[in-house]
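Below: one structure, written as structure tokens.
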Amino acid sequence: MKKYIKFLIIICIVGVCICGCNKQEETTPLTIYEQLKITDRPLSEADSGVIQEGITNWVKSFLAINSDTRDKEAIDKGLYQSIANKEQKEKLKQERELLYKPKLFTEQYLKR
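So this is what it looks like as structure tokens:
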């Protein structure tokens, strides 16, 4: 009797595995980009404006543009504290100072 029960259990397990393996897994896209549907129709002006405004707001918040000095100092402090290597920290400080240093644009530079 025990042999029949074991045999029946094995058949059930094999059947479940076979039926379960035939089913395709449904995958959901992980990013918004993967969820986009590509069409040949151009976006309307209203949609383009909404997208442009969203990107602009994201860039402003990401780069801390139009923020006061205290906000920039807090962001810099958090950034520098996250780096353990002193050499890399100094290199980053120099690169950021060079990047955010006020620049004088000349007419020749703008014509390029």
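When the letters of the sequence shown are read in order and numbered with the working numbering, they come out as residues 668 to 779. Just so you know, even glycine gets a beta-carbon here, dropped at the ideal spot from N, CA and C. Computed from a prediction, not measured in an experiment: that's the story for all the values here.
Cβ-Cβ separation, residue j to residue i (assumed contact under 8 angstroms), whole Å
i, j, result
"Lys756", "Tyr747", "6 angstroms"
Residue i versus the options, residue with shortest Cα-Cα distance
i, options, result
"Glu764", "Asp743, Leu697 and Asn752", "Asp743"
Own chain residues within Cβ distance below 8 angstroms of residue i, not counting five before or after
i, result
"Ile676", "none"
*Which ranges would you report for the beta strand (DSSP E) in the region 668-738 if only whole runs of at least 3 residues count?*
The qualifying runs do not exist here; there are none.
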